[in-house]
Amino acid sequence: MVEAGSTPEASRAVRLAMAATVAVAAVYLLLYLAIAGLRIGHPFELEWLEGSVAHAVQRILDGEKIYVKPSIEFAPHAYTPLYFYVSAGICKLTGLSLLPLRMISFAAILGTFVLIGLFVRRETGSLRLGWIAAGLFAATFRIGGAWFDVARVDSLFLLLVLAALTVARFHPRRGVPAAAALFFLATLTKQSALVVAVPVWAYLLLVDWRRGLRWGLVLAAALIGTSLLLDHLHDGWYLYYTVKMLGQHPTVPVPYWSHLLETLPVVCALSLITLAVGAWRREREVLFHALAALGMVGVSWSSIRHAGGYANVLMPGYAYLAVLFGLGLGVSTRWLARTPGRGAASATMALWALCLLQFWLLRYSPREQVPTRADREAGEAFVERLRGIEGEVYLPGHGYLADLAGKRSYAHENNLGDIFRGTDKALKRELIEDVNAAMRERRFAAIVLDNYFTFHPRHPMFRFTELRENYRQLPDSLFTDDDAFYPVTGGRVRPETLFVPR
27 MVEAGSTPEA
37 SRAVRLAMAA
47 TVAVAAVYLL
57 LYLAIAGLRI
67 GHPFELEWLE
77 GSVAHAVQRI
87 LDGEKIYVKP
97 SIEFAPHAYT
107 PLYFYVSAGI
117 CKLTGLSLLP
127 LRMISFAAIL
137 GTFVLIGLFV
147 RRETGSLRLG
157 WIAAGLFAAT
167 FRIGGAWFDV
177 ARVDSLFLLL
187 VLAALTVARF
197 HPRRGVPAAA
207 ALFFLATLTK
217 QSALVVAVPV
227 WAYLLLVDWR
237 RGLRWGLVLA
247 AALIGTSLLL
257 DHLHDGWYLY
267 YTVKMLGQHP
277 TVPVPYWSHL
287 LETLPVVCAL
297 SLITLAVGAW
307 RREREVLFHA
317 LAALGMVGVS
327 WSSIRHAGGY
337 ANVLMPGYAY
347 LAVLFGLGLG
357 VSTRWLARTP
367 GRGAASATMA
377 LWALCLLQFW
387 LLRYSPREQV
397 PTRADREAGE
407 AFVERLRGIE
417 GEVYLPGHGY
427 LADLAGKRSY
437 AHENNLGDIF
447 RGTDKALKRE
457 LIEDVNAAMR
467 ERRFAAIVLD
477 NYFTFHPRHP
487 MFRFTELREN
497 YRQLPDSLFT
507 DDDAFYPVTG
517 GRVRPETLFV
527 PR
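Here it is as structure tokens:
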């Protein structure tokens with residue numbers, strides 16, 4: 027690792043800096059495992075949409091469709107269905123709760139750590155660099171939304187996409203069917219996997235155009251056929267939610283590229299070194315890495331620009347940048363090891379110091395990622411209060427809490443908002459009238475809205491004019507602790523405003 031001519035003291039310092047980087051990577055990995063262990067069994071939502079995912083899983087268990095015309099009863103998610111059906115399959119054995127849904131994400135993110143490490147090890151021959159790359163991805167936990175073990179589709183999607191990239195990179199000929207199958211499953215988990223699949227297809231065409239052409243045709247046929255079948259089974263609503271509605275949503279300007287440079291400056295620099303050196307040497311694999319990075323970073327960029335996007339959509343970009351970070355370390359240390367003179371030892375020391383600086387820039391407070399005892403107690407008290415209400419309760423932001431109180435879940439306000447962000451005016455009118463009718467009839471013994479409602483005039487519930495006409499707001503607070511029972515990630519929202527019939 028250290029060139030001839032360096033002093034024993036310099037060699038020792040380099041080894042210590044390298045060992046410190048490995049240790050810090052291990053700390054981030056262990057830190058995440060500790061956080062997951064402390065929060066994965068939390069009975070309430072870590073993120074405010076987890077309960078709506080559980081509602082969709084419950085519909086599958088009840089034999090109902092999860093892509094239907096939106097109503098106050100249920101409004102679907104705009105995701106493809108694999109995660110929901112995998113969750114339902116496990117919940118048939120365990121019973122429905124947030125824990126098995128989170129366990130799927132937790133297992134997937136562990137697999138992602140392993141894939142990143144093995145990918146870098148195979149490219150560089152260094153298990154140490156693979157470990158550092160996996161630790162770097164673990165260190166992006168907070169800037170990626172603290173999402174690794176949340177009951178949402180993202181971690182399973184990331185595992186499948188990264189597995190497909192691994193097969194395509196190391197088995198571009200024999201592994202073509204497996205890569206196609208993995209991209210198929212990834213797209214059935216989250217349709218944005220296609221943004222990654224297209225550049226990979228271009229690479230496979232260049233490696234072996236006949237196999238690549240078959241790969242693309244088989245994947246396209248499988249996806250089109252499955253989509254048409256699912257659309258038929260769901261009376262035309264599957265493609266509406268997973269394709270048409272998303273195309274109606276606006277995009278918003280976000281400082282994505284400056285964010286990468288601010289939070290991952292060393293990672294970005296080493297990623298560029300990986301690509302530049304590979305291009306200079308005319309290595310075929312650099313084309314794969316460039317196209318894979320285009321897909322993974324591109325899917326993060328396109329997703330964060332989508333109205334309503336949150337930091338979780340940045341996970342694919344972070345994952346592949348972690349791979350390039352490990353490869354860049356390999357390229358740089360090998361070159362410095364072959365460079366004569368004492369200056370190379372100083373440069374190697376500086377490289378490891380920069381890696382430590384990069385890990386330092388990604389530091390976060392572990393305590394803030396874990397629900398407190400006060401959160402649990404506030405949630406239990408709130409559920410008991412709901413249980414004491416005679417009749418049905420509508421919690422458009424947290425229907426899962428109604429489930430825990432022995433009542434029903436109804437359409438989640440975020441999924442209603444997806445409809446309102448679209449351009450289908452007729453569907454919006456029908457949805458508004460459906461909810462207004464329930465309020466005119468005073469169907470609910472209580473309606474509980476989030477704190478978000480009280481200060482945001484674009485909240486979906488403002489569209490339902492019959493709310494104020496037929497329900498009155500009670501002045502008393504639902505919580506005695508001003509800081510308790512907020513999700514640890516996503517929107518800082520909790521049910522606060524209670525309405526009862528006039």
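In the working numbering, the protein residues as written are 27 to 528.
Note that CB positions come from ideal geometry on N, CA and C, so glycine has one too.
Which residue wins for smallest C-alpha separation from residue i, given the options the options?
i	options	result
LEU124	GLY352, ASP429 and ARG455	ASP429
GLU288	VAL461, GLY89 and ILE169	ILE169
ARG466	ALA316, VAL514, THR491 and TRP235	THR491
ALA228	ARG413, LEU320 and GLY121	LEU320
ALA223	ILE116, PHE167 and LEU188	LEU188
VAL269	LEU249, TYR282 and VAL40	LEU249
ASP401	SER328, PHE511 and GLY89	PHE511
SER503	ARG520, TYR267, ARG494 and PHE314	ARG520
GLN395	ALA39, ARG237, GLU416 and LEU64	LEU64
GLU90	SER328, GLY77 and PHE110	PHE110
HIS285	PRO107, LEU42 and GLY343	GLY343
PRO276	VAL176, PRO203 and ARG447	ARG447
LEU380	THR398, SER358, PRO397 and ARG393	SER358
ARG498	ASP444, ALA472, LEU298 and LEU56	ALA472
PRO126	LEU317, GLY77 and TYR93	GLY77
ASP507	THR398, ARG147 and MET44	THR398
LEU119	HIS103, LEU87 and ALA246	LEU87
Rounded to whole angstroms, what is the Cα-Cα separation between residue i and residue j?
i	j	result
LEU524	LEU453	28 Å
GLY251	VAL244	10 Å
PHE505	GLU522	7 Å
ILE330	TYR105	16 Å
PHE100	ARG178	18 Å
ARG240	LEU191	17 Å
VAL28	GLY354	Residue placement at VAL28 is poorly supported in this model, since its pLDDT is 41, which falls under 50; the coordinates still yield a value, given next. If you take the alpha carbons of VAL28 and GLY354, they lie about 17 Å apart.
PRO527	GLU416	12 Å
ALA371	VAL40	7 Å
ARG364	SER37	14 Å
VAL312	THR300	8 Å
ASN462	ARG494	10 Å
TYR436	ARG455	19 Å
PHE210	PRO107	12 Å
THR374	VAL53	22 Å
ARG197	GLU149	A quick correction: the sequence has His, not Arg, at residue 197. Using only the alpha carbons, I get a separation of about 13 Å.
PHE139	PHE145	10 Å
THR515	HIS424	15 Å
So what does DSSP say about residue i, is it helix, strand or coil?
i	result
LEU536	Nothing in the structure corresponds to residue 536, since the chain is present only between 27 and 528.
PRO225	helix
PRO521	strand
TYR346	helix
TYR420	strand
PRO513	coil
LEU475	strand
GLU71	coil
HIS275	coil
VAL396	coil
TYR105	coil
VAL179	coil
ARG468	coil
HIS315	helix
VAL28	With a pLDDT of 41 at VAL28, under the threshold of 50, the predicted position of this residue should be treated as unreliable, though the coordinate-derived value follows. Here VAL28 sits in coil by DSSP.
GLN217	coil
PRO607	A query on residue 607 cannot be resolved here, the shown segment of the chain reaching from 27 to 528 and no further.
PRO501	coil
HIS332	strand
Rounded to the nearest angstrom, how far is the Cβ of residue i from that of residue j, given a contact under 8 Å?
i	j	result
LYS95	TRP263	6 Å
TRP306	THR47	Contact flag wrong, Cβ pair sits at about 26 Å.
GLY335	SER152	GLY335 to SER152, Cβ: 35 Å. No contact.
LYS433	GLU418	6 Å
LYS230	ALA172	The question names Lys, yet the displayed sequence has Leu at residue 230. Not really, about 35 Å apart at Cβ, beyond 8 Å.
GLY324	VAL221	6 Å
TYR282	TRP327	5 Å
GLU225	LEU317	Per the sequence shown, residue 225 should be read as Pro rather than Glu. Confirmed, Cβ separation roughly 4 Å.
TRP157	ALA51	6 Å
So, does the CB of residue i fall closer than 8 Å to a CB anywhere in chain D?
i	result
PRO521	In summary, chain D is missing from the structure at hand, where a single protein chain is found.
message = For the pair the stretch 333-353 and the stretch 252-262, tell me if three or more CB-CB distances fall below 8 Å.
response = By the Cβ rule, the stretch 333-353 does not count as touching the stretch 252-262, because fewer than three pairs are nearer than 8 Å.
request  = Count the C-beta pairs between the stretch 171-185 and the stretch 206-216 that are closer than 8 Å, then say yes if the count reaches three, no if not.
outcome  = Counting Cβ pairs under 8 Å, three or more are found: they touch.
request  = Would you check if there are 3 or more beta carbon pairs closer than 8 Å linking the stretch 400-413 to the stretch 58-76?
outcome  = Contact between the stretch 400-413 and the stretch 58-76 is established, with three or more Cβ pairs separated by less than 8 Å.
key: the stretch 466-476 contacting the stretch 124-138, beta-carbon criterion three pairs below 8 Å   = Touching, no, given that fewer than three Cβ pairs across the two stretches are closer than 8 Å.
query = When the Cβ atoms of the stretch 160-177 are set against those of the stretch 373-388, are three or more pairs found closer than 8 Å?
reply = In short, these stretches touch, since the Cβ pair count reaches three.
query = So, do the stretch 112-129 and the stretch 48-60 have three or more beta carbon pairs nearer to each other than 8 Å?
reply = In short, these stretches do not touch, since the Cβ pair count stays below three.
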